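A.B. asks: Chains as they are written, first to last, in our numbering: chain F, 1 to 637; chain V, 1 to 471.
Using N, Cα and C, we set each Cβ at its ideal position, and we do this for glycine too.
Since this is a predicted model, take the numbers as computed values, not measurements.
Please read through the structure below; I'll follow up with questions.
Structure representation (structure tokens):
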């Protein structure tokens, strides 16, 4: 690195500014909401501009641009700190910068009057720092650091209303559960660095492409790294934290727990796609897990009554869907495009859905969409229109963005020899359409009499909005909705340019009409089913699943996953490990430490006897020691 | 002859003369004297900084001005300035002695400045004694208890004996090589050191510096002097005087480089003994200054680790550590001075609840203590890292291991101070109000401790150039 590269400067600047915004607000201005907002929003805007400028300037990039400086060197191991700018990271960079800017804008309205306003913006800045750093980092260690920082900011934001017990519990849960996956991730990194010698993403991928990895190294490393992805992207069986994470403010759910942070897992999968796709075993495991996740979360989404829970489960299922697309592509030697394209479109429409949900929650002070519907949710025109657009995209209806990306993923699944995966994918699409439109129809066709006292989802935040009922949606909240809805409508038609950008060329497939018809059929079928259950005049307002109460209960209990983990914690962790280790700690470690400590202090006392008040003795001692050394030197040879 | 080469020394000589005339006045004007001394020392810092890149030889090549010496001269000037900054309130020194107090501090600085530039045995000895004599007077200048007298006598006697050893050793070296110039001794040393006369001569000659740095077994004065002398004097001994002694130790130990492993091994023994004794005994101390005395013995052991490698890396680390030690030790003494503003000896329990009484002081204290303990990202951590790395790469694995164990032991008594300052209730003690210069000083020291700990490159580069000049 001779002269300073402007892109390097730009990337560094965006990170440094975000960090300093966090520091400034946390140390100096957290008491002053306006100033904090100004700092954070300015920084966020600068990041947005930098991101788009970099994106535009580098859009014709042939080779990935690697800019790095040595951060730490120890013997053989070099740890570079730098940025890897290639189409994947550039696209994600822009997505993250854009969505976080929109969320910051939206939060002005949503968080107005909250006592922790400044703190909230500080955390958002921290999140921007870590997420941007994660996206463009050139090495896995740097990525891991940012990965953990993302986890930290997620923890802080979920538990933002820490005075609420459930919120602080949810924050803790998110942190611990994702850490659980990260242990695997870290072991994978250690395994890689010990056996491969570098954690540079580019060299790992190029080594993988030239088949330089032996299988014994590749598969374990890939699976271990996937553990981290499972944690962050909330894949079965450690998805349990994400629904609880909805305790945080809704913009946070939109930003972190749907659009960007949880996508980091899938992003990593994309990032190391050549590496992962060298190991069919790992890819099969990934495909299986993602499929299970897709089905599990869609079925739970069918019975949830909290609007944020529904979207949370849909997020999990869509992440699973992305994973399926990537895994299928890896197994068939395809491209990373489908999965990553779905990530892109999903970021747009899922942020949109959450922000709409946020408007409803802000307005009606409830998370239960049955109550919202009863209170007249459909009268909020802008959010109602935009939420429908988002839902159409989520269900995969033409011409919204979700349609195109879902088609792409299903096409990848179609290529697999075993058509079971395709079938399960289609089932997932059906269920997705069903639960999405369950929400929409309930909101659109209210039946106040049908809302019993049974649905008691608490009000999300208790800050006073006396005048709230009077005015409609503040413009700072409406503008992001409209922008995101615009994205949702447009992104689908940008499939070819994005593909060209990501892969360097467009791969035209002959249109597969069987697939097209079945996919659209599933989506429409799901909507139709929802219409029969919730929309039509004579609909019974209960899910078709109610006919099989056992299964419904199974879904309502979230497949008993929370119970399972509770049991696991109680018996295995607390019962077995904690007890044994505590015993060992008390008896062996503490005892040993005490012995060493007392021994040390005792020897200190003993040695202090040399220091006497008798000067003669001191002098004598000096002479003796010096004489001893002299004798040693003379005799020693 | 370019007198600019001798500039800092001349300046401090002039400063000593001014102070001397002030001390002749019948009625001492305390304030005035203080400000004269302080502003003169500021000038000294500026001048020493100005002369940083001077090079040349003086006085028939007995006196060498190079980057090595100039770095330490600048450090000494800064040390004097820092000590004078906390000397505004000399509670335990009689008012009529104030001008003398400043005078002897100045002559001591002058002596040490000359010491770091001397490359001739007699010049070295004379300069060393100039600085020592000043300190012999400064230590018992404290009024009150008897402990100051005891400390003074102990210091004088041990110093005198060490000087005796040193002179004896120097005479051997002179007798064997027929020259007193280090530059001429150096090439002859390789052959000379094969004979007992060379070994004994070098070992005894080093004794004088071991005394200054308080390496075991020449450490006996340290606890008593640290505790018995006035806080400001202790500060001076613990900071500036240490740095100068390390400089001279580096210059002299380089003579033994050709002796090979067993000479270094003797230093290894001294190093291990110093740090182990210092750290272990420090644990049971109750008086803060006495504890710091033992900590300084331990630190002498650490610095010796860099010296005994006789390699460039080791010398760089020793230079870096000596400079770092000046600041980190000063930060702790600054706190002592502010908390015990009446000049009493500070017991560790008296620090209880300092966070409440003065958050700024507590920050300075914690940073200084962390630096002494070698906690990142402080300057002390970087220094220790450099020292340990250099010893490690020279193959002294066991020494480094023992050093690391010692570092762990030392955490106990260092953190005990932090524990008292942060986790105990202040009781009825009042808040401490700092004057604005003192605040600035606090911020400055904290900034240096963190700043150079995180970005040590500049200093290391300087030290690298300096180390090459000595070896």
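1. Going by beta carbon distance, what residues of the same chain come within less than 7 Å of residue 94 of chain F, once the five residues before and after it are set aside?
2. Quick one: Cα of residue 110 of chain V to Cα of residue 12 of chain V, how far?
3. Under 7 Å, CB to CB, which of the residues in the region 189 to 215 of chain V have a partner in chain A?
4. For the alpha helix (DSSP H) that residue 52 of chain V lies in, which residues bound it at each end?
5. Hey, is the region 391 to 402 of chain F in contact with the region 486 to 497 of chain F, meaning 3+ C-beta pairs nearer than 8 Å?
6. Can a CB atom of chain V be found closer than 8 Å to the CB of residue 605 of chain F?
7. Report the three-state DSSP secondary structure of residue 140 of chain F (helix, strand or coil).
8. Apart from the five residues just before and just after residue 468 of chain F, which ones in its own chain have a Cβ nearer than 6 Å to its Cβ?
9. To which residues does DSSP link residue 82 of chain F through a beta bridge?
10. Which of the three DSSP states is assigned to residue 335 of chain F in this structure?
11. Quick check: the Cα distance between residue 201 of chain F and residue 59 of chain F, rounded to an integer number of angstroms?
12. With residue 80 of chain V and residue 43 of chain V assumed to form a contact (beta carbons below 8 Å), what rounded beta-carbon distance in angstroms separates them?
13. One question on the structure: do residue 108 of chain F and residue 476 of chain F come within less than 8 Å of each other, judged by their Cβ atoms?
14. Nearest chain V C-beta to residue 630 of chain F closer than 8 Å, yes or no?
15. At 9 Å on the CB atoms, spell out the chain V contacts of residue 618 of chain F, in chain order.
16. Alpha carbon to alpha carbon, what distance is there between residue 210 of chain V and residue 614 of chain F?
17. Starting from the C-beta of residue 430 of chain V, find all residues in its chain whose C-beta is less than 8 Å away, skip the five residues before and the five after it, and write them out in chain order.
18. Taking a contact to mean a Cβ-Cβ separation below 8 Å, would you say residue 426 of chain F touches residue 522 of chain F in this structure?
19. I'd like the list of long-range same chain contacts for residue 281 of chain F, defined as Cβ closer than 6 Å, with 5 residues on each side in sequence excluded.
20. For residue 287 of chain V, which option in V:54, V:91, V:417, V:410 has the closest C-alpha, if you only look at C-alpha atoms?
21. Can you give the Cα-Cα distance for residue 18 of chain V and residue 29 of chain V, rounded to whole angstroms?
22. Which parts of the region 278 to 310 of chain V are runs of the beta strand (DSSP E), unbroken and 3 residues or longer, counting only runs that do not cross its ends?
23. Indicate whether at least one CB of chain F lies closer than 8 Å to the CB of residue 263 of chain V.
24. Listing by chain order, which chain F residues have their CB less than 8 Å from the CB of residue 283 of chain V?
25. Considering residue 125 of chain V, what are the terminal residues of the alpha helix (DSSP H) in which it resides?
26. Please state whether DSSP places residue 396 of chain V in a helix, a strand or coil.
27. How many Å lie between residue 466 of chain V and residue 118 of chain F at the Cα?
28. Report the residue from F:82, F:234, F:581, F:113 whose alpha carbon sits nearest the alpha carbon of residue 561 of chain F.
29. Strictly under 8 Å for the Cβ-Cβ distance: is residue 404 of chain V near chain F by that measure?
30. If you draw a straight line from the alpha carbon of residue 161 of chain F to that of residue 36 of chain F, how long is it in whole angstroms?
31. Just reading off the beta strand (DSSP E) that residue 65 of chain V is part of, what are its end residues?
32. Between the region 384 to 414 of chain V and chain F, which residues of the former have a C-beta closer than 7 Å to a C-beta of the latter?
33. Distance, Cα to Cα, residue 413 of chain V vs residue 317 of chain F?
34. Does the beta-carbon of residue 436 of chain F have 16 or more other beta-carbons within 10 angstroms, so that it is buried, or is it exposed?
35. Taking Cβ-Cβ distances below 9 Å as the criterion, which residues of the region 10 to 31 of chain F are in contact with chain V?
36. What separation, rounded to the nearest whole angstrom, lies between the Cα atoms of residue 360 of chain V and residue 426 of chain V?
C.D. replies: Short version:
1. 51, 52, 55
2. 6 Å
3. Among the chains of the structure shown, chain A does not appear; the protein chains present are F and V.
4. Segment: none, residue 52 of chain V is in no alpha helix (DSSP H) and carries neither H nor E.
5. The region 391 to 402 of chain F, when compared against the region 486 to 497 of chain F, does touch it at the 8 Å Cβ threshold.
6. yes
7. Helix, per DSSP.
8. Below a pLDDT of 50, predicted positions are generally treated as unreliable, and residue 468 of chain F, at 43, falls in that range; no measurement from the model is reported.
9. Note: residue 82 of chain F sits in a beta bridge opposite F:68.
10. coil
11. 20 Å
12. At roughly 11 Å, the Cβ-Cβ gap does not stay under 8 Å, so residue 80 of chain V and residue 43 of chain V are not in contact.
13. The answer is yes: Cβ separation under 8 Å.
14. yes
15. 154, 157, 158, 217, 220, 221
16. 21 Å
17. 357
18. Taking the C-beta atoms as reference points, residue 522 of chain F is found nearer than 8 Å to residue 426 of chain F.
19. 219
20. Comparing Cα-Cα distances from residue 287 of chain V to each of V:54, V:91, V:417, V:410, the minimum goes to V:417.
21. Whole-angstrom Cα-Cα distance: 14 Å.
22. No beta strand (DSSP E) of 3 residues or more sits fully in the region 278 to 310 of chain V.
23. yes
24. 600, 601, 604
25. 121 to 138
26. coil
27. 50 Å
28. F:234
29. no
30. 18 Å
31. Where residue 65 of chain V is concerned, the enclosing beta strand (DSSP E) stretches over 63 to 65.
32. Within the region 384 to 414 of chain V, the residues whose Cβ lies closer than 7 Å to some Cβ of chain F are 409, listed in chain order.
33. 56 Å
34. buried
35. none
36. 15 Å
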